[in-house]
Amino acid sequence: MSNNIVSRLKRKKIEEVLEAGTRMDGRDLNDFREIEVRTNFLEKSEGSAEVRMGKTHIVVGVKAGLGTPFDDTPDEGVLMCNAEYTPVAHQTWEPGPPPHGAIELARVVDRGLRSAEILNMEDLGLVSGEKVYIVFVDLYVLNWDGNLIDACGLGALAALKGAEIPVFKVSKKNEVSETDKTQKLELRCEPIPITIYKIGKHFILDATADEEEVADGRLTVTLDENNNVTTLQKAGPVGFTVDEIKKCINIASEKAAEIRSQAVASE
Amino acid sequence: MSKSKTKAKTKTKRKSRKKKFERVDGRKADELRPVKIETGVIPNADGSAYIEMGRNKIIAGVYGPREMHPKRLSKPHRGVLRVRYHMAPFSVDPRRSPAPSRRDTEIGMVMTDALEPALFLERYPRSVIDVYVEIIQADGGTRCASVNAAAVALVDAGIPMKDLVASCAAGKMEDHIVLDLGDYEDKKGQADVPVAYMPKLEEVTLLQMDGILTTDETVEAVELAIEGCKQVYEVQREALKKKYGMDEEDTAEDAEESEESGEEPAESEEEDK
Amino acid sequence: MSAKFETRDIVVPGDLLFEGRARAGDNTYRNEGNIYATRVGLANYNKDRVSVIALEAGFIPLVGDLVIGMVTDIELGQWKVDIGAENEAILTTNDAIGKPFRSYQDMTKILDVGDTIVAKIVDLDRRRTPILSIMGRDLGKARDGFLIDITPSKIPRLIGKKGSMINMILKETRCQVTIGQNGKILISGRNRENEELVVKTIKKIEAEAHTSGLTNRIQEYLKDIKEQRK
Numbered sequence: 134m135s136n137n138i139v140s141r142l143k144r145k146k147i148e149e150v151l152e153a154g155t156r157m158d159g160r161d162l163n164d165f166r167e168i169e170v171r172t173n174f175l176e177k178s179e180g181s182a183e184v185r186m187g188k189t190h191i192v193v194g195v196k197a198g199l200g201t202p203f204d205d206t207p208d209e210g211v212l213m214c215n216a217e218y219t220p221v222a223h224q225t226w227e228p229g230p231p232p233h234g235a236i237e238l239a240r241v242v243d244r245g246l247r248s249a250e251i252l253n254m255e256d257l258g259l260v261s262g263e264k265v266y267i268v269f270v271d272l273y274v275l276n277w278d279g280n281l282i283d284a285c286g287l288g289a290l291a292a293l294k295g296a297e298i299p300v301f302k303v304s305k306k307n308e309v310s311e312t313d314k315t316q317k318l319e320l321r322c323e324p325i326p327i328t329i330y331k332i333g334k335h336f337i338l339d340a341t342a343d344e345e346e347v348a349d350g351r352l353t354v355t356l357d358e359n360n361n362v363t364t365l366q367k368a369g370p371v372g373f374t375v376d377e378i379k380k381c382i383n384i385a386s387e388k389a390a391e392i393r394s395q396a397v398a399s400e
Numbered sequence: 495m496s497k498s499k500t501k502a503k504t505k506t507k508r509k510s511r512k513k514k515f516e517r518v519d520g521r522k523a524d525e526l527r528p529v530k531i532e533t534g535v536i537p538n539a540d541g542s543a544y545i546e547m548g549r550n551k552i553i554a555g556v557y558g559p560r561e562m563h564p565k566r567l568s569k570p571h572r573g574v575l576r577v578r579y580h581m582a583p584f585s586v587d588p589r590r591s592p593a594p595s596r597r598d599t600e601i602g603m604v605m606t607d608a609l610e611p612a613l614f615l616e617r618y619p620r621s622v623i624d625v626y627v628e629i630i631q632a633d634g635g636t637r638c639a640s641v642n643a644a645a646v647a648l649v650d651a652g653i654p655m656k657d658l659v660a661s662c663a664a665g666k667m668e669d670h671i672v673l674d675l676g677d678y679e680d681k682k683g684q685a686d687v688p689v690a691y692m693p694k695l696e697e698v699t700l701l702q703m704d705g706i707l708t709t710d711e712t713v714e715a716v717e718l719a720i721e722g723c724k725q726v727y728e729v730q731r732e733a734l735k736k737k738y739g740m741d742e743e744d745t746a747e748d749a750e751e752s753e754e755s756g757e758e759p760a761e762s763e764e765e766d767k
Numbered sequence: 173m174s175a176k177f178e179t180r181d182i183v184v185p186g187d188l189l190f191e192g193r194a195r196a197g198d199n200t201y202r203n204e205g206n207i208y209a210t211r212v213g214l215a216n217y218n219k220d221r222v223s224v225i226a227l228e229a230g231f232i233p234l235v236g237d238l239v240i241g242m243v244t245d246i247e248l249g250q251w252k253v254d255i256g257a258e259n260e261a262i263l264t265t266n267d268a269i270g271k272p273f274r275s276y277q278d279m280t281k282i283l284d285v286g287d288t289i290v291a292k293i294v295d296l297d298r299r300r301t302p303i304l305s306i307m308g309r310d311l312g313k314a315r316d317g318f319l320i321d322i323t324p325s326k327i328p329r330l331i332g333k334k335g336s337m338i339n340m341i342l343k344e345t346r347c348q349v350t351i352g353q354n355g356k357i358l359i360s361g362r363n364r365e366n367e368e369l370v371v372k373t374i375k376k377i378e379a380e381a382h383t384s385g386l387t388n389r390i391q392e393y394l395k396d397i398k399e400q401r402k
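Chains as they are written, first to last, in the working numbering: chain A, 134 to 400; chain B, 495 to 767; chain C, 173 to 402.
Quick look at the structure:
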């Protein structure tokens, strides 16, 4: 699943170890690495979260401001996700326009939040057709060691949960002005993505960079707290049978609550 | 030009009549903001450092020396240092576009020139050393804080250096020459003079200025900034040592061991005269 | 003429190590008659030689080094091999099978992209590209095991005095361990438990490479873990 050349030795060993029911780092197939979450550590953002999942390290910043609504939804605010693969995060990542992976990452996290209707977009409208809140969720990868969608999905949720956005006042003449007050973002649900990686006939969670490199494919299942599926994303040049899809959805729905509970600052 | 100089002079004269000068954050005129540096923060990078300078939060990572891609940018007789300065969209208010700006490009360039004098680039023909700086949060003086982190990251990457490079700005605020301008002072102040300095070689490697200063004030600001660099340098040293939690008595027998095994990397640097 | 630090003091680039005449050793440079450090490391004054034992250093290929790398490309009569040096290394068919290249030869049958090899550096060309050979005992394609990376400057500590450290690990874990001077280590054992123990032990050595009494401490560490298992 990688464009880089994959070591045959690595692939052989990882499969051997999976065959024996464990992982290179000793984890069970459905175990996540240790997760550490820090929230609201950036004074200049409306919300922020830092997630470490093993050696994967990401930062999420939430910025809220004024903007114009889309033509087809004049009364609704805007929620936008953007992801960046910073060149500092891996030796093969280069500066320049976002690679496909970064765009996919942003869109999968974005869909997870939006299709779950995490924010009441109408609440974020100010002046119909003219002024609305725009909430940006920027996903920033600082060290890549696999499983970015889950790390960023968790980070986005944690950052939104802690976010406080400025309160804007709308006058009778529909003039919008800033006040010195802030308000918590009201979240209607807590969607969380769980990505299942397929290596041969094995399915694992929270793949490391090595595992991700040798993986044949992956399936991301985003679930809200009622275990409704809100996003699916299959990737990799390999097919999944219906039974395999069922299996993946089961694994994800069993794991989502545990990961969701980490969307607050770790002790 | 002459007009603005007179203006600057009259402004300074007023200084004597003014009431007691206070900085927004209560610092003394020659006081740095709190500085914290940590090394080895990005496991994938060959070397890395994180700095907090005031509310600046910046991470720097180094990759290399490695083969240059695209090849045409490499030089046959020496290595190339590339510094990329980049701000996270959420690092400033309001949010900025993630696309690199002209400002980013220029800062990357002056940072390259600030760090290069400390390196032995002639040892790496055809290769490149990449320094990537990511501004997680900006609070005035990001280029100086970035140089500080980048220099430590280069050492952490095991790249031989003639000296460290420490950086700090001085400027003019309410007619006073002050050290290490914060965000507010940066925007409201009369002048900003970022300086980078090699403390052992006693050379200035980055110098920019904007605003209005008399010639005397300009020199005063540079000298004050250098004093700031020297303070930052001590923090850099401590950060580099801290990684090894050096315990003096722990090390005596060790010398023998690696000495006798004679297997330490035998890169001879005799020839550098 | 005087030393400015004690042996074993930690120094950073630019630190003045010695004023006056002395030989400038590893990780130092001479400027206007004085000797300065170029890397973070431990100062080392030995007779008239001043050097720094580097705590951080990348891999600098030297002729004779045993290295481990991965084949990244196949060209006419030669393979490109990533050994983590500045430049990719070259392995020619001559140094792989002892015969010159013939155009009907399918080179992938010998080595394919993605294969891992244990090789020796036999030459550095004038652009300092390492030239490899896999002809020789214990050299060639790696068929089993896995790789881990450590900072190349810490390899001497992992080997230890006359191989004392690594031999101890081999004895205690019965794993096969091949150490590349480029910081890549090939590990292959009979069971997972021992392989994991080797990884943990090597990581511990890497983290504590600059401290003394390490061999004894590692011995204790291995003993403790073995006791726990019983």
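Each residue gets a CB set at the ideal place from its N, CA and C atoms; glycine is no exception.
None of these values were measured; they are calculated from a predicted model.
Please report how far the alpha carbon of residue i lies from the alpha carbon of residue j, in whole angstroms.
i: LYS306(A); j: VAL192(A); result: 40 angstroms
i: GLU344(C); j: TYR217(C); result: 36 angstroms
i: PRO654(B); j: ARG211(C); result: 5 angstroms
i: ASP650(B); j: ASN360(A); result: 46 angstroms
i: ARG156(A); j: ILE147(A); result: 7 angstroms
i: ALA229(C); j: ILE240(C); result: 18 angstroms
i: ALA292(A); j: GLN395(A); result: 12 angstroms
i: MET213(A); j: SER336(C); result: 58 angstroms
i: GLU323(A); j: GLU358(A); result: 6 angstroms
i: ARG596(B); j: ILE378(A); result: 48 angstroms
i: LEU394(C); j: THR373(C); result: 8 angstroms
i: LYS768(B); j: ASP181(C); result: Outside the displayed range of chain B (495 to 767) lies residue 768(B), so it cannot be described from this structure.
i: ILE337(A); j: TYR330(A); result: 5 angstroms
i: ASP519(B); j: PRO564(B); result: 47 angstroms
i: ASP540(B); j: GLY262(A); result: 50 angstroms
i: VAL184(A); j: ILE392(A); result: 12 angstroms
i: LEU214(C); j: GLN353(C); result: 21 angstroms
i: GLY573(B); j: VAL290(C); result: 29 angstroms
i: GLY286(A); j: ILE552(B); result: 23 angstroms
i: VAL627(B); j: THR374(A); result: 44 angstroms
Which residues in the same chain as residue i place their Cβ atom closer than 6 angstroms to its Cβ, once the five residues preceding and following it in sequence are excluded?
i: GLU763(B); result: In this prediction, GLU763(B) scores a pLDDT of 40, lower than 50, which makes its location untrustworthy; no coordinate-derived value is stated.
i: LYS509(B); result: The predicted model places LYS509(B) with a pLDDT of 48, which falls under 50 and marks its position as unreliable; any figure quoted below should be read in that light. Cβ neighbours of LYS509(B) beyond the five flanking positions: ASP669.
i: ALA690(B); result: ALA608, VAL641, VAL659, SER661, THR699 and LEU700
From the options, pick the residue whose C-alpha is nearest to that of residue i; which is it?
i: GLN277(C); options: SER336(C), LEU296(C), HIS382(C) and GLU247(C); result: GLU247(C)
i: SER360(C); options: VAL212(C), GLY352(C), CYS347(C) and ILE232(C); result: CYS347(C)
i: ARG576(B); options: VAL622(B), PRO592(B), VAL713(B) and ASP657(B); result: VAL622(B)
i: ILE138(A); options: ILE225(C), VAL243(C), LEU214(C) and PHE231(C); result: VAL243(C)
Who are the near neighbours of residue i in its chain, counting only those whose CB is closer than 7 angstroms to its CB and skipping five residues on each side?
i: ASP674(B); result: LEU526, ARG527, GLY635, CYS662, ALA663 and GLY722
i: ARG362(C); result: ARG346
i: ILE207(C); result: LEU189, PHE190, ALA194, ALA196, THR200 and VAL222
Rounded to whole angstroms, how far is the Cβ of residue i from the Cβ of residue j, which I believe are closer than 8 angstroms?
i: ASP349(A); j: VAL371(A); result: 4 angstroms
i: LEU369(C); j: LEU319(C); result: That belief does not hold up - the Cβ atoms of LEU369(C) and LEU319(C) are roughly 17 angstroms apart, past 8 angstroms.
i: VAL195(A); j: ALA296(A); result: 5 angstroms
i: GLY665(B); j: GLY705(B); result: 7 angstroms
i: VAL414(C); j: LEU330(C); result: What is shown of chain C runs 173 to 402, which leaves residue 414(C) out entirely.
Assign residue i to buried or exposed, taking buried as 16 or more other Cβ atoms, counted over all protein chains shown, within 10 Å of its Cβ.
i: ARG298(C); result: exposed
i: GLU743(B); result: Only weak support is given to the placement of GLU743(B): the predicted model assigns it a pLDDT of 41, under 50, and the question is left unresolved by the model.
i: THR315(A); result: exposed
i: GLY288(A); result: buried
i: VAL646(B); result: buried
i: THR341(A); result: buried
i: SER325(C); result: buried
i: VAL303(A); result: exposed
i: HIS190(A); result: buried
i: GLN400(C); result: exposed
i: THR364(A); result: buried
Near residue i, what residues of its chain come up, given a Cβ to Cβ distance below 8 angstroms and the 5 sequence neighbours on each side ignored?
i: THR219(A); result: TRP226, TYR273, VAL274 and LEU275
i: LEU734(B); result: THR533, VAL646, VAL649 and ASP650
i: GLY286(C); result: MET242 and VAL243
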